[in-house]
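From first to last, the protein sequence lines are chains S, Z and A.
Per numbering that gives the first Met the number 0, the very first residue in the first sequence carries number 0; after that it's consecutive.
Per numbering that gives the first Met the number 0, the very first residue in the second sequence carries number 0; after that it's consecutive.
Per numbering that gives the first Met the number 0, the very first residue in the third sequence carries number 0; after that it's consecutive.
Note that beta-carbon positions come from the ideal geometry of N, C-alpha and C, so glycine has one too.
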Amino acid sequence: MKMFTRCCSFLACALALAVGTFAPAAHAQQPIKIGMGISQTGGLGGGGKSALVALRMWADDVNAKGGLLGRNVELVVYDDQSNPATTPGIYTKLIDVDKVDLLIGPYASVPTAPIMPLIKQRDLLLMSNFTFKLNRNLKHDKVFNNSPWAHEEDLAGGVLQIGREAGAKTIAILAADQEFAQNLANGAKNVANRMGLKTVYEQNYPPSTVDFSAMIRAIRAARPDIVYVCSYPNDSVAILRAVKEIGIGDSVKVFGGGMVGLQFTPVIAGLGSLANGVVNFTSYAPGNTMDFPGIRDFLDRYSKKAAEENVDPLGYYLPPYSYAIGQMIAQAVTATKSLNHKVLAEYLHKNEMQTIVGPISFDELGERAKPAVPLVQFQSLVDKDVDQFRKPGRLVIVHPPQYKTGEAIVPFEKARK
Amino acid sequence: MFSWELLLEAVIFGLLVGCFYAAVSVGLSVSLGLLDVPQVAHPAFLVVGSYGAYLLGLHGWDPLVAGVALAPLFFVAGILVYRFYYETFEKRGADTGVRGLAFFFGIAFIVEVLLILAFGVDQRSVDAPYIGASVALGDVRIPVRLLVAFGTALILTGGLALYLSKTFTGRAIKAVAQDEVALRLMGANPVRIKQWAFGIATATASIAGAMLIVVSPVDPNLDRVYIGRTFCVVVLAGLGSMGGTLVAGLVLGVTESIVLTMFGASWAPAVAFGLLLVVLGVRPQGLFGR
Amino acid sequence: MTRHGKSYWVGAAIVVALAMLAIATVQNEYFFFASYIVLQFVVLATAWNILGGYAGYVNFGTGAFFGTGVYTSVLLINLFGAPLLVQILVAAAVSGTLGYATGMLTLRLRGIFYSIATVAVAIIIETLIVNWRYVGGSTGIQILRPPVMPPFESYTKMLFLVMTLLAVAATAIARFIETSWIGRGLRAIRDSEIAAEGCGVPTLKLKLFACTVSGALMGAAGAPLAMYQSYIEPVSTFSLNYSVSALAMPMIGGTSHWIGPVIGALLLGSIQQIVTVTISNEINVLVVGVLLVLFVVAAPSGIVGLARTLMRKRVVREAE
């Protein structure tokens with residue numbers, strides 16, 4: 000009897016010990032949830048889809064190495080349909096219903112602008128994605144804009160400078176009436192004024208505009224030397240089609256500047272020769288001037304993944320930067336051993352982090368401290384050929400000097416032949 | 000920046016686009032103007048027509064050919080819809096106004112969502128040899144796709160106007176709009192005539208929808224933009240006048256185009272509807288109304 | 000007060016008490032986030048029904064009056080930093096005036112022209128806002144909330160209570176109109192305007208009154224949205240969804256009694272919120288469309304009508 004009681008108590012103790020060891024471990028198996036709304040459909044879908052592929056790659060890579068703080072990383076994703084009306088609801092849901100630990104912003108300024116007040120009111124950390132100057136008024140200390148640029152000079156300076164060097168004196172500005180395009184257009188005007196360029200035409204159009212014939216005609220009548228366009232993917236395509244149909248006139252030396260969408264492979268492959276001569280910003284182009292450690296390996300792996308999911312196969316715009324967001328989160332969380340937003344924000348402000356797009360650090364407003372925006376001119380493009388972009392001489396980096404792979408062809412009409 | 004050339008170009012484009020607006024509205028002119036059916040879902044059917052042309056376009060069909068080919072399908076659908084509407088609402092009489100409107104609104108919404116579920120919210124467009132090319136008329140370059148739309152619209156509107164005035168069924172349709180009781184007394188079945196007319200109105204949506212996707216890219220939410228425009232054209236025309244629809248469409252197109260060129264793209268919608276309100280206030284029966 | 004009157008006010012008091020209880024006990028912010036929208040639709044549906052259900056004039060431009068209220072608020076916040084109560088009152092006044100103007104322009108004509116005019120008004124106002132940089136234009140504008148006052152823990156909870164009070168006020172007004180001589184006059188207009196004129200009913204005055212009150216309530220419903228969302232842009236504010244929902248909810252609930260729009264709004268609004276969280280936005284619109292068609296075809300008197308038929312059958316059965 001005594002033996003039996005002793006055995007039982009021993010078993011009970013062993014059981015309690017086992018439960019005690021495994022129970023907290025079971026609790027620690029709860030994944031770290033990172034939530035985001037990101038465009039999978041709509042005008043920005045081309046970019047959003049490629050960004051998500053890259054983020055999922057990052058999450059898989061991290062989990063393969065044991066996760067963050069011993070826990071797996073799980074992405075909670077909603078499609079914002081490129082529609083700014085959906086994001087406040089999505090992010091409130093992520094915070095209050097899904098109860099995620101960290102937040103990544105939607106792709107681009109227009110869907111992100113509506114959630115900025117919410118983020119500030121709740122005092123949360125946000126890794127925003129390719130937005131432009133969204134924090135200038137709110138001055139929230141916990142938002143970090145992941146992008147190659149910080150200020151208008153980064154996006155507009157190069158284009159205007161190329162124009163000036165070709166003898167330009169006048170500029171026409173065409174901009175969509177939305178957050179990004181307006182911020183950029185105002186910035187471009189400032190830069191133009193500083194350079195002594197005269198604005199001969201200025202037009203804002205509603206974001207839903209599909210027909211640009213009237214505006215292209217008016218621009219042609221004004222005979223500008225530079226045409227600076229700030230547009231989103233659907234408008235960018237429509238504008239270039241209208242330029243082909245109506246003609247922009249022979250006065251134009253440089254055309255382009257801030258046209259979102261021309262960086263997505265499906266869009267630019269669809270445009271083909273229509274895009275020839277356009278000078279536009281991007282984040283990466285192939286060539287040996289932007290060979291950051293790890294990027295080629297990433298692009299190869301990405302290419303395979305993207306082909307499986309029927310997404311932008313080249314990934315020259317968002318994917319490397321989206322992977323970098325993940326890398327920055329990982330470095331901050333691992334270094335501070337915390338998921339506390341205040342602690343993480345302090346780390347992100349103070350430290351320079353190594354990523355596959357080079358070293359990244361942030362200023363007090365959460366913008367990139369050392370911008371690096373390559374300006375690309377499309378040259379010698381033909382229709383319906385996706386692989387042509389890998390070859391040299393197609394996406395020619397014409398600015399800044401440290402990334403240059405070729406010369407810009409001016410005037411615009413000459414570059415289109 | 001004002002110049003006479005710019006104004007002339009604006010007027011030319013306005014006429015081209017205006018005729019297109021007329022073609023898009025002619026179906027509503029028949030259903031609302033002649034049959035008194037508040038067909039708010041007409042723009043939604045238009046968008047379905049566009050997607051039909053898109054689908055067939057994926058198999059190499061020319062969009063306008065696709066539009067004409069699908070028209071019989073739309074005709075049958077129109078007959079079925081009208082039959083249902085008649086059995087449920089018109090027969091029962093009173094209070095049909097609100098419920099009829101609500102019914103068609105519901106249909107429009109359902110159609111819109113089904114399109115989103117089937118095709119997604121992305122914009123779709125078609126390829127054709129006349130899309131992207133342009134013709135030079137002096138200093139003005141006119142996109143060929145607008146000329147094609149203009150031509151098709153003229154044929155559609157003109158054809159319908161001729162049908163209504165010259166053929167037996169056409170005149171019966173106009174008669175039923177004027178006095179249904181008299182028609183019944185003369186031995187014709189008004190319900191069959193009305194459903195025939197409604198079928199025709201819906202069939203025009205197929206062709207007009209094909210034109211729509213030729214002129215610009217479409218997405219499932221486009222019907223909301225066109226609810227306003229089509230009603231504007233129909234009311235401006237005066238209920239029941241086909242020729243009036245053409246004129247009203249041209250007026251709307253030219254006004255919009257001039258405002259677009261002179262004042263900017265963002266003011267154009269307000270001017271069109273301001274025009275509508277003025278007409279409602281001053282001459283509610285429209286330009287050619289009965 | 001009549002017996003019915005007393006039971007109404009008791010009911011209203013209970014509703015407000017429940018709302019305060021929720022504020023004190025429920026912690027999840029999302030509940031208040033979603034409930035605010037449902038209550039907002041109660042106000043919109045009730046406002047729509049005053050003109051649409053009682054008088055038979057279908058307003059397609061609810062978005063215009065609602066949006067006018069929202070942007071009046073935005074303007075007041077930007078110009079004066081006005082407090083919420085002032086925003087609501089001024090928004091109601093502005094939207095009411097808009098309703099009056101729309102009525103003056105078209106009420107001499109047939110009903111369908113009034114409806115088309117409301118569409119026109121909606122688009123014109125949206126275009127005006129789109130071109131007005133000061134309130135954000137097409138880009139939209141950020142609104143920063145002032146710090147919340149005690150006893151409320153969060154601004155959303157406070158707005159929830161404000162909207163509850165607005166809903167009670169709207170139903171009180173609707174009930175007053177329905178049971179008074181105004182309601183009788185409006186019903187006469189709906190049944191046959193010509194006959195009503197012949198009987199000496201002041202049809203134009205009554206219609207204008209209904210238009211004004213309806214517009215004012217819609218504007219009042221819109222005023223707190225600026226603070227609620229903190230970011231306002233014209234496309235979603237003037238969306239057709241508001242117009243169709245404000246029409247669908249009374250049709251589903253029942254247009255003849257003031258409780259109809261409330262039932263419709265609670266039912267449809269809650270379904271919409273649940274669907275948006277669990278499934279997607281499109282199904283949301285599909286639900287509105289399907290329910291609208293279903294009720295309009297099969298149950299034209301709405302849920303109120305169905306309930307009445309059931310009660311009548313029970314009375315008949317009991318009598319046998």
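- Query: K141 (chain S): buried (16+ other C-beta within 10 angstroms of its C-beta) or exposed?
  - Reply: On the first sequence, position 142 is the one that residue 141 (chain S) refers to. Buried, by the Cβ-count rule.
- Query: Which value, in whole angstroms, describes the spacing of the CA atoms of A184 (chain S) and Y227 (chain S)?
  - Reply: Mapped onto the first sequence, residue 184 (chain S) falls at position 185. Mapped onto the first sequence, residue 227 (chain S) falls at position 228. Their backbone Cα atoms lie some 8 Å apart in a straight line.
- Does E111 (chain Z) get closer than 8 Å to chain S when you measure Cβ to Cβ? Within the second sequence, the letter at position 112 stands for residue 111 (chain Z). By this cut-off, E111 (chain Z) is not an interface position.
- Please decide whether A112 (chain S) counts as near chain A, where near means a Cβ-Cβ distance under 8 Å. On the first sequence, position 113 is the one that residue 112 (chain S) refers to. Yes, its Cβ sits closer than 8 Å to a Cβ of chain A.
- Query: In the structure shown, what three-state DSSP assignment does Y315 (chain S) receive?
  - Reply: Numbered from its first residue, the first sequence carries residue 315 (chain S) at position 316. Residue state, collapsed to three classes: coil.
- Message: Buried or exposed for W195 (chain Z), going by 16 or more other Cβ atoms inside 10 Å?
- Response: By one-based count along the second sequence, residue 195 (chain Z) stands at place 196. By the 10 Å Cβ count, W195 (chain Z) comes out buried.
- Message: Taking 8 Å as the cut-off, does the stretch 260–269 of chain A touch the stretch 138–145 of chain A (at least 3 CB pairs, one atom from each stretch)?
- Response: no
- Item | Beta-carbon spacing of A50 (chain S), I31 (chain S) below 8 Å | Numbered from its first residue, the first sequence carries residue 50 (chain S) at position 51. Numbered from its first residue, the first sequence carries residue 31 (chain S) at position 32. No, the Cβ-Cβ distance between A50 (chain S) and I31 (chain S) is not below 8 Å.
- Quick one: what's got a C-beta closer than 8 Å to S153 (chain A)'s C-beta in the same chain, skipping five residues either side? Here residue 153 (chain A) is taken as the residue at index 154 of the third sequence, counted from 1. Answer for S153 (chain A): E28, F31, V147, listed in chain order.
- Provide the residue span of the alpha helix (DSSP H) that contains G169 (chain Z), from first to last. By one-based count along the second sequence, residue 169 (chain Z) stands at place 170. Looking at the DSSP string, the run of the alpha helix (DSSP H) that includes G169 (chain Z) is 167–177.
- Tell me whether N188 (chain Z) is buried or exposed, calling it buried when 16 or more other Cβ atoms sit within 10 Å of its Cβ. Here residue 188 (chain Z) refers to the residue found at position 189 of the second sequence. With fewer than 16 other Cβ atoms within 10 Å, it is exposed.
- Query: Whole beta strand (DSSP E) runs in the stretch 212–275 of chain S with 3 or more residues, listed along the chain?
  - Reply: Whole beta strand (DSSP E) segments, 3+ residues: 225–230, 253–258.
- Query: Is A127 (chain Z) close to chain S, meaning its C-beta is less than 8 Å from at least one C-beta of that chain?
  - Reply: Numbered from 1 along the second sequence, position 128 holds the residue referred to as residue 127 (chain Z). Closer than 8 Å: no.
- Item | the stretch 369–388 of chain S touching the stretch 341–348 of chain S, judged by at least three CB pairs closer than 8 Å | Fewer than three pairs of CB atoms, one per stretch, sit closer than 8 Å, so the stretch 369–388 of chain S makes no contact with the stretch 341–348 of chain S.
- Query: In the structure shown, what three-state DSSP assignment does V129 (chain A) receive?
  - Reply: Here residue 129 (chain A) refers to the residue found at position 130 when the third sequence is read from its first residue. Look at V129 (chain A) here: in three-state DSSP terms it is helix.
- Task: Use the C-beta contact count for N287 (chain S): other C-beta atoms within 10 angstroms, 16 or more gives buried, fewer gives exposed.
- Result: The sequence position of residue 287 (chain S) within the first sequence is 288, counting from 1. With fewer than 16 other beta carbons inside 10 angstroms of its own, N287 (chain S) counts as exposed.
- Task: Express the C-alpha separation of L74 (chain S) and A58 (chain S) in angstroms, rounding to a whole number.
- Result: Translated into the one-based positions of the first sequence, residue 58 (chain S) becomes position 59. Translated into the one-based positions of the first sequence, residue 74 (chain S) becomes position 75. Using only the alpha carbons, I get a separation of about 8 Å.
- Query: Can you tell which of S:V253, S:S235, S:M327, S:F129 has the C-alpha that lies nearest to the C-alpha of P223 (chain S)?
  - Reply: Along the first sequence, read from residue 1 onward, the residue named residue 223 (chain S) stands at position 224. Checking every option, the nearest Cα to that of P223 (chain S) belongs to S:V253.
- Beta bridge counterpart(s) of V250 (chain Z) as assigned by DSSP: Counted from its first residue, the second sequence places residue 250 (chain Z) at position 251. Paired residue(s): none; V250 (chain Z) is not in a bridge.
- Would you say E281 (chain A) faces chain Z, with C-beta separation under 8 Å as the test? Looking up residue 281 (chain A) in the third sequence gives position 282. Closer than 8 Å: yes.
- In whole angstroms, what separates the C-alpha of T208 (chain S) from that of F361 (chain S)? Reading the first sequence from its first residue, position 209 is the one you call residue 208 (chain S). Reading the first sequence from its first residue, position 362 is the one you call residue 361 (chain S). Going from the Cα of T208 (chain S) to the Cα of F361 (chain S) covers about 36 Å.
- Query: Is it a yes or a no for the stretch 111–121 of chain Z touching the stretch 282–292 of chain A, going by three-plus beta-carbon pairs under 8 Å?
  - Reply: yes
- Task: Note down, in chain order, each residue of its chain lying with its Cβ closer than 7 Å to the Cβ of L380 (chain S), except the 5 sequence neighbours on either side.
- Result: By one-based count along the first sequence, residue 380 (chain S) stands at place 381. Its chain contains G271, S272, A274, N275, Q387, R393 as the residues whose beta carbon lies nearer than 7 Å to that of L380 (chain S), once the 5 sequence neighbours on both sides are disregarded; these appear in chain order.
- Query: Per DSSP, C197 (chain S) forms a beta bridge with which residues?
  - Reply: Here the question's residue 197 (chain S) lines up with position 198 in the first sequence. The question names Cys, yet the displayed sequence has Lys at residue 197 (chain S). According to DSSP, which records beta bridges pairwise, K197 (chain S) is partnered with S:T169.
- Query: Would A215 (chain A) pass as a contact of S34 (chain A) if the rule is Cβ separation under 8 Å?
  - Reply: Within the third sequence, numbered from 1, the residue matching residue 215 (chain A) stands at position 216. Within the third sequence, numbered from 1, the residue matching residue 34 (chain A) stands at position 35. No. Outside cutoff.
- Query: Can you find a C-beta in chain A that's less than 8 Å from the C-beta of D176 (chain S)?
  - Reply: Counted from its first residue, the first sequence places residue 176 (chain S) at position 177. True, the Cβ-Cβ gap to chain A drops below 8 Å.
- Query: Among all the DSSP beta bridges, which residues are the ones paired with Q202 (chain S)?
  - Reply: By 1-based counting over the first sequence, the position of residue 202 (chain S) is 203. In the DSSP output, where bridge partners are listed per residue, Q202 (chain S) has S:L173.
- Among A:L38, A:V234, A:A219, the one whose alpha carbon lies nearest that of Q177 (chain S): Position 178 of the first sequence, counted from the start, is the residue given in the question as residue 177 (chain S). The residue among A:L38, A:V234, A:A219 with its C-alpha nearest the C-alpha of Q177 (chain S) is A:V234.
- Query: Taking 8 Å as the CB-CB cut-off, is I115 (chain A) touching chain B?
  - Reply: Going by chain labels, chain B is absent from the structure shown, which instead holds the protein chains S, Z and A.
- Nearest-angstrom Cα distance between H26 (chain S) and Q228 (chain A)? As a position in the first sequence, residue 26 (chain S) is number 27, starting the count at 1. As a position in the third sequence, residue 228 (chain A) is number 229, starting the count at 1. Because H26 (chain S) sits at a pLDDT of 47, beneath the cut-off of 50, its placement in the model cannot be relied upon, and the point is left open.
- Task: Compile a chain-ordered list of the residues in the stretch 32–63 of chain A whose CB is closer than 7 Å to at least one CB of chain S.
- Result: F32
- Query: According to a CB-to-CB cut-off of less than 8 Å, which residues of the stretch 296–312 of chain A neighbour chain Z?
  - Reply: V296, P299
- Message: Buried or exposed for I181 (chain A), going by 16 or more other Cβ atoms inside 10 Å?
- Response: To locate residue 181 (chain A), count along the third sequence from 1; it is residue 182. Per the 10 Å Cβ criterion, buried.
- Is there at least one Cβ from chain Z nearer than 8 Å to F65 (chain A)'s Cβ? Taking the first residue of the third sequence as 1, we reach residue 65 (chain A) at position 66. Answer no: the Cβ-Cβ gap between F65 (chain A) and chain Z never drops below 8 Å.
- Item | Beta-carbon gap between F291 (chain S) and Y322 (chain S) smaller than 8 Å | Mapped onto the first sequence, residue 291 (chain S) falls at position 292. Mapped onto the first sequence, residue 322 (chain S) falls at position 323. Their beta carbons are not under 8 Å apart, which means F291 (chain S) does not touch Y322 (chain S) by this criterion.
- Message: Suppose you measure from the CA of R300 (chain S) to the CA of F280 (chain S); what does that come to, to the nearest Å?
- Response: By one-based count along the first sequence, residue 300 (chain S) stands at place 301. By one-based count along the first sequence, residue 280 (chain S) stands at place 281. Each residue's Cα considered, the two are about 25 Å apart.
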